Amino acid sequence: MSVSPLEYRYGREKIKNIFSEKSRLEYMLRVEGVIARFQGELGIIPVEAAQLISKSVTGGRVSLARVKEIEKSTKHDVMAIVNALTEVSGDGGSFVHYGITSQDVNDTATALQLRDFNRYFREDIIDMVITLSSLVARYKDTPMVGRTHGQHASPITFGLKLAVFLAEMIRHLERLDESSRRVLVAKVMGPVGTGASLGTKALQLQKKVADNLSLGIEEAATQVVLRDRYVEFLQVLANIAASLEKFSTEIRNLQRPEIGEVSEHFTEQSQVGSSAMPSKVNPVDSENVSSLARFIRTLVTPELEAAVMWHERDLANSALERFTIPYSCILSDHILDKMNGIFASIMVDDRRMLKNLLDDDFCMSESVVLLLVKNGFGRQQAHEAVRKASVEARKAGSGLKQYILSSSVFSMIPRNDIDVAFDPRGFLGSARIICENVIKMASNVTETARRVGTSGY
Numbered sequence: 003m004s005v006s007p008l009e010y011r012y013g014r015e016k017i018k019n020i021f022s023e024k025s026r027l028e029y030m031l032r033v034e035g036v037i038a039r040f041q042g043e044l045g046i047i048p049v050e051a052a053q054l055i056s057k058s059v060t061g062g063r064v065s066l067a068r069v070k071e072i073e074k075s076t077k078h079d080v081m082a083i084v085n086a087l088t089e090v091s092g093d094g095g096s097f098v099h100y101g102i103t104s105q106d107v108n109d110t111a112t113a114l115q116l117r118d119f120n121r122y123f124r125e126d127i128i129d130m131v132i133t134l135s136s137l138v139a140r141y142k143d144t145p146m147v148g149r150t151h152g153q154h155a156s157p158i159t160f161g162l163k164l165a166v167f168l169a170e171m172i173r174h175l176e177r178l179d180e181s182s183r184r185v186l187v188a189k190v191m192g193p194v195g196t197g198a199s200l201g202t203k204a205l206q207l208q209k210k211v212a213d214n215l216s217l218g219i220e221e222a223a224t225q226v227v228l229r230d231r232y233v234e235f236l237q238v239l240a241n242i243a244a245s246l247e248k249f250s251t252e253i254r255n256l257q258r259p260e261i262g263e264v265s266e267h268f269t270e271q272s273q274v275g276s277s278a279m280p281s282k283v284n285p286v287d288s289e290n291v292s293s294l295a296r297f298i299r300t301l302v303t304p305e306l307e308a309a310v311m312w313h314e315r316d317l318a319n320s321a322l323e324r325f326t327i328p329y330s331c332i333l334s335d336h337i338l339d340k341m342n343g344i345f346a347s348i349m350v351d352d353r354r355m356l357k358n359l360l361d362d363d364f365c366m367s368e369s370v371v372l373l374l375v376k377n378g379f380g381r382q383q384a385h386e387a388v389r390k391a392s393v394e395a396r397k398a399g400s401g402l403k404q405y406i407l408s409s410s411v412f413s414m415i416p417r418n419d420i421d422v423a424f425d426p427r428g429f430l431g432s433a434r435i436i437c438e439n440v441i442k443m444a445s446n447v448t449e450t451a452r453r454v455g456t457s458g459y
């Protein structure tokens with residue numbers, strides 16, 4: 003029986019596989035094997051036992067079915083793995099899980115899962131940066147209505163709007179990379195963080211295990227890796243989710259028929275917008291991104307609660323983290339991939355953008371204020387004159403330019419200058435330069451990211 007929508011509706015298989023029950027077992031066995039290997043090397047356990055354990059964690063010798071069978075009796079998931087591994091390790095079984103505790107295995111395995119997830123997720127962000135860079139370059143000179151408070155404002159370019167998104171994604175890539183060194187850590191220091199059962203070589207063992215797994219170390223542990231690390235990671239994902247919802251919300255708004263400037267790709271041959279209204283063309287992918295982004299952000303709160311533990315550790319974090327970590331990762335990847343697909347196939351009506359801009363010349367009021375100042379008005383005097391003109395023009399049902407041309411208040415302003423002030427294509431400021439700067443920044447970031455790859459993980 004499938005209960006979670008992750009099983010049948012959301013998430014890419016390669017990401018879900020990282021967090022599957024089978025993969026989780028394999029990560030944990032890998033950790034047990036590496037710990038045993040270096041325990042043998044350091045003389046903590048016999049070398050022969052270490053070799054037997056290391057061999058037994060591979061090749062499917064420990065099956066998920068057997069672990070589940072044992073857990074029915076132990077009521078302890080990690081002890082079930084330990085017992086199953088002991089069964090297949092022959093004479094080495096006496097030293098399985100020697101000197102360590104469940105969370106040494108659990109938390110180190112989680113770090114491996116997050117590292118492997120980050121490799122995919124990082125590529126997702128880079129792909130988004132590349133997609134947005136292409137769009138910014140294409141539309142850097144495409145004028146459109148700027149909107150503040152949901153109302154028409156001064157003109158911008160569609161490229162500038164996308165450059166804002168692009169710069170945001172570049173910062174998210176930096177955040178992911180910067181947080182990784184704090185989040186991806188191993189811990190092999192026993193039940194209370196002293197490493198007492200491992201003897202004088204405990205710290206040396208932990209360092210060797212971490213290096214072998216390409217992880218950092220928990221500098222001062224309790225029984226667990228401290229949860230400020232996981233909180234930071236989920237906050238990075240939540241921040242990315244917030245950006246993705248912002249992007250999708252913008253598309254949803256611009257797709258509204260009364261605006262009609264941008265829309266998702268819609269498969270005309272077969273896609274259905276509504277079960278009742280066959281004419282509907284709905285921004286369903288953008289709505290899906292928005293919906294799941296809201297859920298992803300809520301997962302930070304229980305992880306914050308999990309960071310508060312009694313003394314060296316209690317179990318109140320355990321159950322909720324079976325949801326917070328895999329759900330955040332799987333869904334974050336899902337909506338990032340979907341948002342990139344939306345941008346890659348986005349439909350832009352640049353003619354409608356220009357028409358919406360030209361149809362509302364009140365958008366040029368800022369430009370008119372500057373024109374008046376250049377012709378002798380004080381700035382505040384010019385602002386008030388244009389404000390009053392806007393009020394009267396709306397009352398008269400006319401455009402702002404038409405009213406100004408007919409008003410004696412503005413009679414000293416040359417007609418040609420008024421025409422120039424009302425041309426939105428001449429009032430785009432540094433939009434093009436900003437777009438080009440962000441494109442260049444993106445190019446540098448992606449080039450570096452591709453070169454560095456995942457060596458930091």
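For the sequence shown, the positions run 3 to 459 when the numbering used here is used. Don't be surprised by glycine CBs; every beta carbon is placed ideally from N, CA and C. Note that this is a predicted model, so its numbers are computed, not measured.
*CA-to-CA distance, residue 90 to residue 76, given in whole angstroms*: 18 Å
*Return the first residue and the last residue of the beta strand (DSSP E) that residue 151 is part of.*
Residue 151 -> no beta strand (DSSP E), and no H or E assigned at all.
_Every unbroken beta strand (DSSP E) within the stretch 379–448, with a cutoff of 3 residues, ordered by chain_ = Those beta strand (DSSP E) runs which fall completely within the stretch 379–448 and span 3+ residues do not exist here.
*Spell out the partners DSSP gives residue 219 in its beta bridges.*
BP columns for residue 219 point to 188.
*Alpha-carbon spacing of residue 453 relative to residue 178, whole angstroms*: 16 Å
_residue 75 - partner residues in DSSP beta bridges_ = Answer is none; residue 75 lacks a bridge partner.
_For residue 109, the first and last residue of its enclosing alpha helix (DSSP H)_ = 104–141
*For the stretch 407–423 against the stretch 353–363, are there 3 or more C-beta pairs whose distance is under 8 Å?*
With a cut-off of 8 Å, the stretch 353–363 and the stretch 407–423 do not count as touching, because too few Cβ pairs lie within range.
*In chain order, what residues of the same chain lie with their CB nearer than 6 Å to the CB of residue 123, ignoring the 5 residues before and after it?*
335
*Leaving aside the five residues before and after residue 457 along the sequence, list all residues of the same chain whose C-beta is less than 7 Å from its C-beta, in chain order.*
With a pLDDT of 47 at residue 457, under the threshold of 50, the predicted position of this residue should be treated as unreliable, though the coordinate-derived value follows. If we look at residue 457 and ignore the five residues flanking it on each side, it has no Cβ neighbours.
*Coil, strand or helix - residue 227 by DSSP*: Three-state DSSP puts residue 227 in coil, outside helix and strand.
*residue 6 by DSSP, collapsed to three states: which one?*
coil
_CB of residue 45 within 9 Å of CB of residue 51, strictly_ = no
*In angstroms, rounded to a whole number, what distance separates the CA positions of residue 62 and residue 220?*
30 Å
_Please classify residue 214 as buried or exposed, where buried requires at least 16 neighbouring CB atoms within 10 angstroms._
exposed
*Does the separation of the CB atoms of residue 304 and residue 322 fall below 9 Å?*
yes
*State the beta-bridge partners of residue 259 as determined by DSSP.*
Note: residue 259 sits in no beta bridge, so no partner.
*Specify the secondary structure class of residue 181 as computed by DSSP and reduced to three states.*
The answer is helix: DSSP assigns residue 181 an H, G or I state.
*Since residue 158 sits in a beta bridge, which residues does DSSP pair it with?*
146
*Could you check where the alpha helix (DSSP H) with residue 307 kicks off and where it finishes?*
For residue 307, the enclosing alpha helix (DSSP H) covers residues 302–308.
*Could you tell me the distance, in whole angstroms, from the CA atom of residue 232 to the CA atom of residue 181?*
10 Å
*Those residues which DSSP pairs with residue 330 across a bridge*: In the DSSP output, where bridge partners are listed per residue, residue 330 has none listed.
*Is the stretch 155–173 close to the stretch 430–450, with three or more CB pairs under 8 Å?*
yes
*Grab the span of the alpha helix (DSSP H) containing residue 368 for me, first residue to last.*
367–376
*Under 6 Å Cβ to Cβ from residue 250, same chain only, skipping five residues before and after it: list those, please.*
288, 291 and 292
*Assign residue 394 to one of two classes, buried (16 or more other C-beta atoms within 10 Å of its C-beta) or exposed (fewer than that).*
exposed
*Rounded distance between the beta-carbons of residue 204 and residue 195, thought under 8 Å*: Incorrect: roughly 10 Å between the Cβ atoms, too far for contact.
*asked:* Give me the residue from 329, 343, 365 and 380 with the minimum Cα distance to residue 11.
replied: 329
*asked:* Could you compute how far the alpha carbon of residue 306 sits from the alpha carbon of residue 316?
replied: 15 Å
*Going by the CB atoms, is the gap between residue 156 and residue 429 shorter than 9 Å?*
yes
*Return the residue from the list 242, 229 and 258 that minimises the CA-CA distance to residue 309.*
229
*Excluding the five sequence neighbours on either side, which residues of its own chain have a C-beta within less than 6 Å of the C-beta of residue 13, listed in chain order?*
Only 332 and 336 meet the Cβ criterion.
_On the CB-based measure, 16 or more other CB atoms within 10 Å of its CB, does residue 7 come out buried or exposed?_
exposed
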